[in-house]
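For the sequence shown, our numbering gives the first residue as 9, with consecutive numbering after it. Structure, as structure tokens:
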Amino acid sequence: LKKIGLTEKDKFVCLIINDSFYLKTYFPNQDWNYHSYRNFNIDNYILAAEELARRGYFVFRMGKVVSKPLKSNNHKIIDYATSNLRNDFLDIYLGAKCIFCVSASSGFEAVPVIFRKPLVHIAIPLLDAKTCGEKNLILTKHHYSKKRKKELTISEIAKTDVSGYDSNKEFEEGDIELIENSPEEIRDVVIEAVDRLEGKWVSREVDQKLQDKFWNIYYSSPHIHSKRFLNGKLKARFGTNFLRENPEWLN
């Protein structure tokens with residue numbers, strides 16, 4: 009890490025997204041298209057990485073093999089996944105020592121979870137959200153009903169099989185299109201994590217009401233039960249700015 013330019017005082021964040029390249033590379037004889045819903049575009053995370061770097065954090069884009077590089081000229085943003093630095097030991101070390109991890113439904117997120125590091129979790133399926141950490145923040149893809157020509161609310165998502173499925177089949181049968189979060193939505197939830205960890209976050213009076221409404225709907229889903237939560241407890245928060253800007257989504 010010193011060779012990269014980090015000192016012992018520098019803070020860093022791990023960024024990991026799921027894409028199809030790892031499974032296609034290491035398990036080429038199996039068709040993995042059935043859960044392509046879990047794939048994300050790294051380009052949507054550049055804005056958040058740039059903002060983290062502006063605030064003094066190094067960002068390590070994690071991954072063993074990836075479909076495309078993370079493009080940035082900022083020296084604090086390191087595309088570790090495509091570098092000659094990457095090795096299995098350093099994967100674990102970075103996950104254990106990061107300030108927090110931004111994860112879009114990737115298996116690597118288990119490493120920071122094991123070491124009790126906070127997550128910004130872009131959860132898909134939604135009921136797979138890592139709710140066990142009180143410092144965890146959750147976001148999910150937009151669920152758009154092509155049949156009804158509208159985005160589904162959290163209540164509509166929670167009532168359907170797509171909230172806890174493990175296959176594209178449920179989306180296809182429900183005629184639901186998953187739309188990735190905008191770079192601005194991702195940046196906002198990532199910066200919320202930074203502000204909370206640095207003690208700079210300012211809550212509004214409405215925020216707790218929005219959180220309570222979201223989690224009451226989430227927890228009431230017929231497709232979820234307490235054993236999906238580590239320790240049987242729900243502690244995380246959904247992205248505050250998303251709820252502030254989309255109160256109708258909580259209907």
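Here a beta-carbon is modelled for each residue, glycine too, at the ideal position from N, C-alpha and C.
Neighbour-count burial assignment, residue i, 16 or more Cβ in a 10 Å radius
{"i": "Y34", "result": "exposed"}
{"i": "R245", "result": "buried"}
{"i": "P36", "result": "exposed"}
{"i": "S111", "result": "buried"}
{"i": "G247", "result": "buried"}
{"i": "S228", "result": "exposed"}
{"i": "K235", "result": "Caution is warranted here: a pLDDT of 47 is assigned to K235, below 50, making its placement in the model unreliable, and the coordinate value is therefore given only provisionally. Classification of K235: exposed, given that the 10 Å Cβ count is below 16."}
{"i": "Y8", "result": "What is shown of the chain runs 9 to 259, which leaves residue 8 out entirely."}
{"i": "K10", "result": "exposed"}
{"i": "E256", "result": "exposed"}
{"i": "P5", "result": "Residue 5 lies beyond the residue range present for the chain, which begins at 9 and ends at 259; the question has no answer from this structure."}
{"i": "F123", "result": "exposed"}
From the options, residue whose alpha carbon lies closest to that of residue i
{"i": "D196", "options": "L145, K243 and E181", "result": "L145"}
{"i": "I12", "options": "S91, K72 and E253", "result": "S91"}
{"i": "K154", "options": "S229, E117 and I184", "result": "I184"}
{"i": "G64", "options": "V210, K208 and V202", "result": "V202"}
{"i": "H150", "options": "P230, L55 and I130", "result": "I130"}
{"i": "L242", "options": "D87, G141, V121 and F97", "result": "G141"}
{"i": "N52", "options": "P126, E193, W40 and K19", "result": "E193"}
{"i": "F97", "options": "K72, P77 and N81", "result": "K72"}
{"i": "G182", "options": "K158, L205 and V210", "result": "K158"}
{"i": "C109", "options": "H231, L205 and K76", "result": "L205"}
{"i": "I107", "options": "Y152, K76, E180 and E16", "result": "E16"}
For residue j and residue i, believed in contact at Cβ under 8 Å, the rounded distance
{"i": "M70", "j": "A57", "result": "No, M70 and A57 are not in contact; Cβ-Cβ is about 12 Å, not under 8 Å."}
{"i": "V21", "j": "V74", "result": "About 17 Å separates the two Cβ atoms, so there is no contact after all."}
{"i": "R258", "j": "I165", "result": "Note that residue 258 corresponds to Leu in the displayed sequence, not to Arg. Rounded, the Cβ-Cβ distance is 11 Å, inconsistent with contact."}
{"i": "G103", "j": "V119", "result": "3 Å"}
{"i": "K138", "j": "V121", "result": "6 Å"}
Close beta carbons around residue i, own chain, < 6 Å, minus the five adjacent residues each side
{"i": "S113", "result": "N26, R46 and I132"}
{"i": "N249", "result": "D196"}
{"i": "K79", "result": "none"}
{"i": "N254", "result": "none"}
{"i": "K84", "result": "A61 and F66"}
{"i": "F116", "result": "I24 and M70"}
{"i": "L6", "result": "Past the edges of the chain, shown from 9 to 259, lies residue 6, and the structure says nothing about it."}
{"i": "I86", "result": "F68"}
{"i": "W40", "result": "L31"}
Chain B within 7 Å of residue i, Cβ atoms only
{"i": "L102", "result": "The structure shown has no chain B; it contains just one protein chain."}
Beta-carbon proximity list for residue i, same chain, < 7 Å, skipping 5 on both sides
{"i": "D215", "result": "T248"}
{"i": "I100", "result": "V119"}
Cβ-based neighbour list, residue i, same chain, cut-off 8 Å, excluding 5 preceding and 5 following
{"i": "R252", "result": "R212, V214, D215 and L218"}
{"i": "E59", "result": "R195, V198 and I199"}
{"i": "L14", "result": "F20 and F66"}
{"i": "W223", "result": "L242 and F246"}
Next item on the list: For the region 40–56 and the region 16–28, state whether three or more C-beta atom pairs, one from each stretch, are separated by less than 8 Å.
Entry: They touch, by the three-pair rule.
Next item on the list: Check whether the region 217–226 touches the region 183–195, counting contact only when three or more Cβ pairs, one atom from each stretch, lie closer than 8 Å.
Entry: Because the criterion of three Cβ pairs below 8 Å is not met, the region 217–226 and the region 183–195 do not touch.
Margin query: Check whether the region 146–159 and the region 118–138 touch, using three or more Cβ-Cβ pairs below 8 Å as the test.
Written below: They touch, by the three-pair rule.
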